[in-house]
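With numbering that gives the first Met the number 0 applied, the sequence shown covers 0 to 179. Here a beta-carbon is modelled for each residue, glycine too, at the ideal position from N, C-alpha and C.
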Amino acid sequence: MTLDSRPDVVLMDVRMPDLDGLSATRQILSRDEEQSPRIIILTTFDVSEYVYTSLREGAVGFLLKDTPADRIVAAVHSVVAGDVLLSPRITRRLIENFAQHHRPSKYRRNHLSSLTSRETEVLHFVGQGLSNNEIAERLTLSAETVKTHVKRIMGKLELTSRAQAVVVAYESGLVVPSAE
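The following block contains the structure:
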């Protein structure tokens, strides 16, 4: 149904009867379309592997089903605007998990060598969760210039979403989780 109706945003459950949500996300985003839908995973399962896999597959949000309806609506608007959204509880756990278990990936670090120093700097701020406007302010650039850098980063690293860029920034060691 989703493939035929071409929605802007898809709220996807992880566990479904015929095809799990992570496989469905992969299938939807693997289609060669000019504008793929933004996918938010909405689930009762607070499982790290679901979060990591969904972000790697290109989902741009991960919310728990206990999220209030008004926040889900705000999340839809947020991802349409280009943001990545994770439930606060999930974000905290992801950062703790990265700090304890993940070491920088040589594969990803080698891929970062294709980036210019400015692109690396922009990726660092993307990894910290800053918007294009916030990055522009910090680097004294226009938001449009930052948007161009982000687009080039995603092209060079073969990424399909800003969420994947955040994962790469952490996996490469470009962003190190705080110990708070």
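Is it true that the region 56-67 meets the region 22-29, where meeting means three or more beta-carbon pairs spaced less than 8 Å apart? yes
Just reading off the alpha helix (DSSP H) that Val-79 is part of, what are its end residues? 68-79
What do you reckon, are the CB atoms on Gly-60 and Ile-39 nearer than 8 Å? yes
Sort Asn-131, Val-75, Thr-42 and Ile-71 by Cα distance to Asp-7 and report the nearest one. Val-75
What does a CB cutoff of less than 7 Å around His-110 pick up in its chain, not counting 5 residues either side in sequence? Leu-156
For Gly-128, the three-state DSSP class (helix, strand or coil): coil
Is Leu-18 helix, strand or coil by DSSP? coil
Measure the alpha-carbon distance for Leu-129 versus Asp-82 and round it to whole angstroms. 9 Å
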